[in-house]
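Engineer: I'd like to ask some things about the structure below.
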Amino acid sequence: MTETAPTDLAELSAAELVEGYAAGDFTPVEATEAALARIEERDGDLNAFVLVDRDSAIASAQASAARWRAGETLGAGDGVPTNIKDIFLTAGWPTLRGSNLVDEAGPWDTDAPCVGRLRESGAVLLGKVTTPEFAWKGTTDSIRFGATGNPWDPSTTAGGSSGGSSASVGAGMGAWSVGTDAGGSVRIPASFTGTVALKPTYGLVPMYPASPFGTLAHAGPMTRTVTDTAMLMDVIAGFDPRDWSALPTPNGSFTRGLEDGVEGLRIAYSPTLGYGENDPEVEQQVRQAVEVLKSLGAVVDEVDPGFADPIEHFHVLWFTGANKVVSAYGAGALDKVDPGLRAGIEEYSDATAMDFLDATQTRMDLGVQMGIFHQEYDLLVTPTMPITAFDRNRQAPPGWKSDLWTTWTPYTYPFNMTQQPAASVPCGVTAEGLPVGLQFVAARTQDRMVLQAARAYEKASGEQYIRPVAAKAG
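UniProt numbering numbers the first residue of the sequence shown as 1 and each following residue consecutively.
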């Protein structure tokens with residue numbers, strides 16, 4: 001392990017854990033016990049878990065330790081303490097989706113594809129982590145489970161909708177997690193918590209059952225380092241016949257080319273996408289990160305991709321999908337959900353088929369535009385978020401123009417509409433001690449290029465060792 005790596009097993013990356021297992025420095029049981037101890041220590045402040053299964057985790061860790069002793073490991077995740085967003089079906093555990101509408105009784109006898117692959121790789125599943133109701137927004141709070149806090153400052157939000165994943169990983173309560181992202185839901189919390197997340201090209205990580213948000217919804221890894229993100233992609237990516245839109249299984253590892261750097265890559269830096277507005281400290285940190293990319297030999301132009309904010313068309317796609325979710329629970333269900341979710345559904349309840357087709361046309365046009373844009377530029381770099389984390393009990397920063405989450409996440413949802421790969425990596429901390437995220441976007445299927453550039457920045461900046469696990473509990 002590197003000299004600068006932390007020594008507490010709860011703070012080690014998945015790559016460092018696997019290296020330690022192989023060397024005999026420690027065992028999956030010890031790493032799992034460290035993660036469980038960290039949950040006991042920190043989750044009272046953070047509220048990231050809806051379920052912790054200590055007995056099952058220890059049993060899985062013991063089985064992994066035996067495989068490591070015998071030299072018969074199952075895959076890249078063998079023995080890695082892992083958490084699952086409470087959106088993914090997980091056999092033996094309820095999947096409550098943050099909603100009082102979901103009956104805990106089940107039955108719960110099916111694994112989502114990513115969960116099944118984690119089991120097959122020998123990962124140690126610690127438990128399920130929080131999501132807002134049906135993963136509908138960019139903060140993680142629900143009527144059923146309350147609000148999830150940020151490891152850097154538990155009074156602030158972890159972001160959403162994969163806030164439980166980012167908070168748990170960021171606080172050392174498991175080395176990695178899998179989240180969903182239909183409008184920014186792995187990248188928003190990664191930016192707020194100083195962690196790493198990838199929204200892969202749509203279809204690389206199969207989804208079952210299909211998301212009600214349709215082809216906006218991606219599943220992706222949430223980790224503390226880019227290397228871990230690539231490793232987790234190796235576990236969870238690949239064809240599954242239950243996903244009608246799944247892509248073929250990729251050839252080769254996502255770690256391939258990870259250390260190749262950015263020299264000669266053509267990068268477009270767009271601070272606002274032409275329509276956003278950033279907190280000055282966010283803009284400063286991101287500009288400094290872009291200078292690091294230049295110093296590594298990237299050819300950087302400051303240029304916008306040239307599209308208008310597609311927020312209204314995104315809302316049509318988003319809230320018609322949300323309406324479909326809630327209506328499945330019958331008459332009166334809308335009266336029982338998150339008031340913000342209800343308001344959005346009601347506002348777009350009269351959307352017509354033509355409205356939906358118009359939104360789809362905007363989406364297709366945006367995809368064409370970005371496809372052409374990437375003929376000139378290998379990568380687009382933006383802030384992940386224009387702001388840093390705010391009060392966990394609020395839906396938007398104080399004085400913001402709207403409580404609707406899309407109004408403060410302008411740089412994430414366009415790339416769900418285009419299905420492109422996009423990653424967030426930490427690029428600094430503000431004077432108040434809150435992380436800032438840097439977003440890398442590439443053309444569809446160019447996930448390795450996104451990871452390669454993110455790793456080059458991470459390595460050059462040293463951000464891989466500025467980990468939220470080092471932050472003090474509030």
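A virtual CB, placed ideally from N, CA and C, is assigned to each residue, including glycine.
Would you mind sorting Glu347 into buried or exposed? The rule is 16 or more other CB atoms within 10 Å of its CB.
Structural biologist: With fewer than 16 Cβ atoms within 10 Å of its Cβ, Glu347 is classed as exposed.
Engineer: Between Gly149 and Leu293, which are expected to be in contact by the criterion C-beta below 8 angstroms, what is the C-beta distance as a whole number of angstroms?
Structural biologist: About 32 angstroms; that fails the 8 angstroms criterion.
Engineer: Does the stretch 223-232 come close enough to the stretch 172-182 to have 3 or more Cβ pairs within less than 8 angstroms?
Structural biologist: Judged by Cβ distances under 8 angstroms, the stretch 223-232 makes contact with the stretch 172-182, as three or more pairs qualify.
Engineer: If you drop the 5 nearest sequence neighbours on each side, which residues of the same chain put their C-beta closer than 8 angstroms to that of Ala237?
Structural biologist: Cβ neighbours of Ala237 beyond the five flanking positions: Pro200, Leu204, Val205, Thr249, Pro250 and Phe254.
Engineer: Determine the direct distance from the alpha carbon of Trp68 to that of Tyr21, and round the result to whole angstroms.
Structural biologist: Cα to Cα, Tyr21 sits roughly 7 angstroms from Trp68.
Engineer: Could you give the DSSP three-state label for Thr10: helix, strand or coil?
Structural biologist: Sequence check: residue 10 is Ala here, not Thr. In this structure, Ala10 counts as helix in the three-state DSSP scheme.
Engineer: Sort Ala453, Asp53, Gly214 and Gly79 by Cα distance to Thr180 and report the nearest one.
Structural biologist: Considering only alpha carbons, the answer is Gly214.
Engineer: Using only CA atoms, which one of Asp279, Arg97 and His313 lies nearest to Asp141?
Structural biologist: The shortest Cα separation from Asp141 among Asp279, Arg97 and His313 belongs to Arg97.
Engineer: Take Asp111 and list the residues in its own chain whose beta-carbon comes closer than 7 angstroms to its own, dropping the five residues that flank it on each side.
Structural biologist: Same-chain partners within the cutoff: Leu89, Thr90, Ala91 and Arg119.
Engineer: Leu126 and Pro81: beta carbons closer than 8 angstroms?
Structural biologist: A contact, by the Cβ cut-off of 8 angstroms.
Engineer: Determine the burial state of Asn393: buried for a count of at least 16 other Cβ atoms within 10 Å of its Cβ, exposed for fewer.
Structural biologist: Exposed: under 16 other Cβ atoms inside 10 Å.
Engineer: With a threshold of 16 other CB atoms inside 10 Å of the CB of Asp86, please say whether the residue is buried or exposed.
Structural biologist: It counts as buried.
Engineer: Any contact between the stretch 329-343 and the stretch 280-297? By contact I mean 3 or more CB pairs, one from each, below 8 angstroms.
Structural biologist: These segments do not touch.
Engineer: Would you decide whether Ile84 is buried or exposed? Buried here means 16 or more other CB atoms lie within 10 Å of its CB.
Structural biologist: With 16 or more Cβ atoms within 10 Å of its Cβ, Ile84 is classed as buried.
Engineer: Would you kindly work out how many angstroms separate the C-alpha atoms of Glu3 and Glu16, rounded to a whole number?
Structural biologist: Residue placement at Glu3 is poorly supported in this model, since its pLDDT is 39, which falls under 50; the coordinates are not used for a value here.
Engineer: Under three-state DSSP, which class holds Ala267?
Structural biologist: Just to set this straight, residue 267 is Ile in the shown sequence, not Ala. Residue state, collapsed to three classes: strand.
Engineer: With H, G and I counted as helix, E and B as strand and the rest as coil, what does DSSP make of Asp403?
Structural biologist: It is coil, neither helix nor strand.
Engineer: Using the rule of at least 16 other Cβ atoms within 10 Å of the residue's Cβ for burial, across every protein chain shown, is Asp78 buried or exposed?
Structural biologist: Flag for Asp78 reads buried.
Engineer: Count the C-beta pairs between the stretch 313-328 and the stretch 348-359 that are closer than 8 angstroms, then say yes if the count reaches three, no if not.
Structural biologist: Judged by Cβ distances under 8 angstroms, the stretch 313-328 makes contact with the stretch 348-359, as three or more pairs qualify.
Engineer: Under a three-way DSSP split, which group does Gly340 fall into?
Structural biologist: Residue state, collapsed to three classes: helix.
Engineer: In whole angstroms, what is the alpha-carbon distance linking Thr227 and Pro212?
Structural biologist: Each residue's Cα considered, the two are about 31 angstroms apart.
Engineer: By the 10 Å Cβ neighbour count, where 16 or more other Cβ atoms means buried, how is Ala431 classified, buried or exposed?
Structural biologist: Exposed: under 16 other Cβ atoms inside 10 Å.
Engineer: Can you give me the start and stop residues for the beta strand (DSSP E) that Phe49 sits inside?
Structural biologist: Segment Phe49 to Val52, the beta strand (DSSP E) holding Phe49.
Engineer: Taking the CB atoms as reference points, tell me whether Gln369 and Gly306 lie closer together than 8 angstroms.
Structural biologist: Cβ distance < 8 angstroms, so Gln369 and Gly306 count as in contact.
Engineer: May I ask you to report which of helix, strand or coil DSSP gives Ile345?
Structural biologist: DSSP places Ile345 in helix when its eight states are reduced to three.
Engineer: May I ask you to report which of helix, strand or coil DSSP gives Met417?
Structural biologist: Helix.
Engineer: Return the Cβ separation of Pro339 and Ser191 in integer angstroms, given the expectation that the two are a contact with Cβ distance under 8 angstroms.
Structural biologist: With 8 angstroms as the limit, Pro339 and Ser191 do not qualify as a contact, their Cβ atoms being about 26 angstroms apart.
Engineer: Is the distance from the Cβ of Leu380 to the Cβ of Val441 below 8 angstroms?
Structural biologist: The answer is yes: Cβ separation under 8 angstroms.
Engineer: Would you mind listing the alpha helix (DSSP H) stretches within the stretch 209-240 that are 4+ residues and don't spill past its ends, in chain order?
Structural biologist: Complete alpha helix (DSSP H) runs here, min 4: 226-236.
Engineer: May I ask you to report which of helix, strand or coil DSSP gives Phe145?
Structural biologist: Note: Phe145 maps to coil in three-state DSSP.
Engineer: Quick one: what's Lys128 bridged to in DSSP?
Structural biologist: Beta-bridge pairing links Lys128 to Leu51 and Ile84.
Engineer: Could you pull out every unbroken alpha helix (DSSP H) segment of at least 4 residues lying fully inside the stretch 424-451, listed in chain order?
Structural biologist: Correct list: empty.
Engineer: For Arg455, count the other beta carbons within 10 Å of its own beta carbon; 16 or more makes it buried, fewer makes it exposed. Which is it?
Structural biologist: Its Cβ being crowded by 16 or more others within 10 Å, Arg455 is buried.
Engineer: With distances taken between CB atoms, is the gap from Met385 to Tyr411 smaller than 8 angstroms?
Structural biologist: Yes, the pair counts as a contact, with Cβ atoms nearer than the cut-off.
Engineer: Using CA coordinates, which residue listed in Phe49, Pro426, Asp43 and Ala31 is at the minimum distance from Ala59?
Structural biologist: Considering only alpha carbons, the answer is Ala31.
Engineer: Locate the beta strand (DSSP E) running through Pro154, then write down its first and last residues.
Structural biologist: From DSSP, the beta strand (DSSP E) with Pro154 extends over Asp153 to Thr157.
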